[in-house]
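Protein chains in written order, with the numbering used here: chain A, 1 to 234; chain B, 1 to 239. The beta carbon of each residue, even a glycine, is placed where N, CA and C say it ideally should be. Following: one structure in structure tokens, then a few remarks.
In structure tokens:
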């Protein structure tokens with residue numbers, strides 16, 4: 001742990017005999033576990049949430065009802081409103097537990113520094129966008145995550161927290177009436193809850209595109225924890 | 001820099017590490033209906049339990065000014081079967097049974113002789129829409145005392161003229177905003193909104209607000225949880 005730039009719990013494996021690879025330990029087990037369990041619960045929450053939304057696909061009045069969006073039944077889970085509710089109210093707990101465990105681990109271990117977007121990352125965001133979208137040169141990668149990645153991951157965690165807060169207001173708007181009032185009441189909490197879903201879908205799409213572009217090695221690192229030959233290693 | 005536990009070759013790592021995904025196979029249980037249904041039922045029951053745990057007896061649901069009211073003609077009439085079960089309003093009585101000292105038939109006049117409370121509160125449907133309505137009636141807690149109910153019983157169970165039925169936990173029934181409602185918008189309940197008497201509890205979801213009440217039972221044991229609950233909706237569903 002000599003280099004200052006490395007986060008506290010990053011390990012670099014010695015080169016195996018005859019191998020030209022070196023590996024770095026990027027994702028501790030609790031992070032990987034929470035990542036995959038949360039992935040499952042997020043998909044279930046989105047699909048069952050859309051099933052619930054189909055019961056009243058509007059953000060306006062009930063009388064007269066003007067539908068905002070008709071979600072195809074094939075994208076939904078639960079078969080009917082009651083079924084959608086059952087999936088939603090069951091997997092919400094897995095979603096919350098994995099989210100809280102992840103946050104707790106990241107904070108207590110100090111591992112959050114690897115992913116937390118901080119002010120000094122701001123100047124590096126635009127060069128990465130230019131690289132990805134406008135074929136600019138690729139800025140050298142000095143850490144596990146580049147500034148744009150940090151921004152995306154930090155946003156995703158905030159969105160996760162918001163999905164929980166808006167969701168608990170929809171579930172119990174009277175007990176959490178103070179939270180509800182911060183959101184503009186039950187009616188608006190529903191709008192926010194849906195908006196957070198939209199933002200999370202954008203994140204997941206972007207995340208999957210980047211994982212595919214960066215290949216197998218990157219995907220495996222979220223399974224084993226080890227990233228083979230990361231470019232930031234000296 | 002070389003303080004890692006071991007050096008591993010990339011190939012064996014891949015296969016072994018893929019196996020680490022195998023715990024995700026437990027989610028396969030959710031593909032088998034016989035396993036899935038009890039799991040989902042347990043998930044809903046746990047949500048209900050948590051919701052009942054953080055229910056606060058003295059916490060009031062938000063109330064609204066008259067200018068926030070949804071006009072009565074925009075207050076959606078929601079029924080599971082028919083809008084008007086043709087209740088004989090002249091001869092209607094509420095049959096009170098179960099764990100009460102004075103069971104029997106109660107007239108609307110007897111309900112109306114209790115102190116009247118009027119409140120503008122939000123009615124929220126499980127489907128996701130909401131309206132703000134003006135409701136007037138007697139507190140359920142006053143009526144329960146009037147009939148000498150055992151307030152330590154667990155539930156109220158009500159039946160309706162349209163064969164709908166519902167259950168309410170005692171803590172919510174005793175909430176000061178929970179009403180036996182006989183007025184909406186300062187007028188006697190219309191038939192489609194549940195004449196002559198309905199439940200109105202701002203701390204409960206819409207399908208719990210049973211209309212056209214005919215019987216009320218105070219009980220520790222529920223024969224059934226409710227029309228929708230028995231098909232899979234949450235049985236407690238407090239707001």
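Let me know the secondary structure DSSP gives residue 66 (chain A) once reduced to three states.
-> coil
If I'm right that residue 111 (chain B) touches residue 147 (chain B) with Cβ under 8 Å, what's the distance once you round it to whole angstroms?
-> Between residue 147 (chain B) and residue 111 (chain B) the Cβ distance is about 10 Å, and since that is not below 8 Å, they are no contact.
So what's residue 160 (chain B) in DSSP terms, helix, strand or just coil?
-> strand
So what does residue 181 (chain B) bridge to, in DSSP terms?
-> B:137 and B:198
Segment contact, 8 Å Cβ cut-off, at least three pairs: the region 50 to 63 of chain A with the region 23 to 36 of chain B | no
Complete beta strand (DSSP E) runs within the region 86 to 136 of chain B (minimum length 3 residues, chain order) = 94 to 98, 104 to 106 and 116 to 124
In terms of residue numbering, what span does the beta strand (DSSP E) encompassing residue 29 (chain A) cover?
-> Run containing residue 29 (chain A): none in the beta strand (DSSP E); it sits in the alpha helix (DSSP H), 29 to 54.
Anticipated Cβ contact below 8 Å, residue 143 (chain B) with residue 180 (chain B), distance rounded | 5 Å
Opposing strand residues paired with residue 166 (chain B) [DSSP bridges] = B:158 and B:226
Residue 176 (chain B) vs residue 140 (chain B) beta-carbon contact at 7 Å | no
Where the alpha helix (DSSP H) through residue 36 (chain B) begins and ends | 33 to 53
Are there 16 or more other CB atoms within 10 angstroms of the CB of residue 65 (chain A), so buried, or fewer, so exposed?
-> exposed
Member of B:35, B:196, B:133 and B:38 whose CA lies at the smallest distance from the CA of residue 67 (chain B) = B:133
Any chain B beta carbon closer than 7 Å to residue 62 (chain A) | yes
Cβ of residue 142 (chain A) within 7 Å of Cβ of residue 25 (chain A)?
-> no
Helix, strand or coil: which one does DSSP assign to residue 200 (chain A)?
-> helix
Quick one, are the C-beta atoms of residue 189 (chain B) and residue 120 (chain B) less than 7 Å apart?
-> no
Close Cβ partners of residue 94 (chain A) (< 7 Å) along its chain, the five nearest in sequence each way excluded = 37 and 41
If you check the beta carbons only, do residue 218 (chain A) and residue 211 (chain A) fall under 7 Å apart?
-> yes
According to DSSP, is residue 217 (chain B) helix, strand or coil?
-> strand
Relative to chain A, which residues along the region 43 to 73 of chain B have a C-beta separation below 7 Å, given in chain order?
-> 43, 44, 46, 47, 51, 54, 55, 56, 59, 61 and 62
Nearest CA to the CA of residue 206 (chain B): which residue from A:183, A:221, A:172 and A:83?
-> A:172
Is residue 2 (chain B) buried or exposed, if buried means 16 or more other CB atoms sit within 10 Å of its CB?
-> Confidence at residue 2 (chain B) is low in this model, with a pLDDT of 39, below 50, so the placement of that residue is unreliable and no value is reported for it.
Quick one: Cα of residue 91 (chain A) to Cα of residue 90 (chain B), how far?
-> 50 Å
CB-CB under 6 Å to residue 202 (chain B), same chain, minus the five flanking residues each way: which ones, in chain order?
-> 61, 121 and 177
Could you check the C-alpha separation between residue 238 (chain A) and residue 88 (chain A) for me, to the nearest Å?
-> Given that chain A is displayed from residue 1 to residue 234, the structure contains no residue 238 (chain A) and the question cannot be resolved.
With residue 208 (chain B) and residue 199 (chain B) assumed to form a contact (beta carbons below 8 Å), what rounded beta-carbon distance in angstroms separates them?
-> 7 Å
Residue span of the beta strand (DSSP E) that contains residue 226 (chain A), given as start and end = 226 to 228
Are the Cβ atoms of residue 167 (chain B) and residue 182 (chain B) separated by less than 7 Å?
-> no
Residues bridged to residue 238 (chain B) (per DSSP) | B:204
Could you please give the first and the last residue of the uninterrupted alpha helix (DSSP H) stretch that includes residue 177 (chain A)?
-> 177 to 182
Could you name the residues of the same chain whose beta carbon sits closer than 8 Å to that of residue 170 (chain A), not counting the 5 residues immediately before and after it, in chain order?
-> 186, 189, 190 and 193
How many Å lie between residue 34 (chain A) and residue 97 (chain A) at the Cα?
-> 9 Å
Residue 23 (chain A), enclosing beta strand (DSSP E) - first and last residue = 23 to 25
Compute the Euclidean distance between the alpha carbons of residue 227 (chain A) and residue 221 (chain A), then round it to the nearest angstrom.
-> 5 Å
Per DSSP, which one or two residues make a beta bridge with residue 149 (chain B)?
-> B:100
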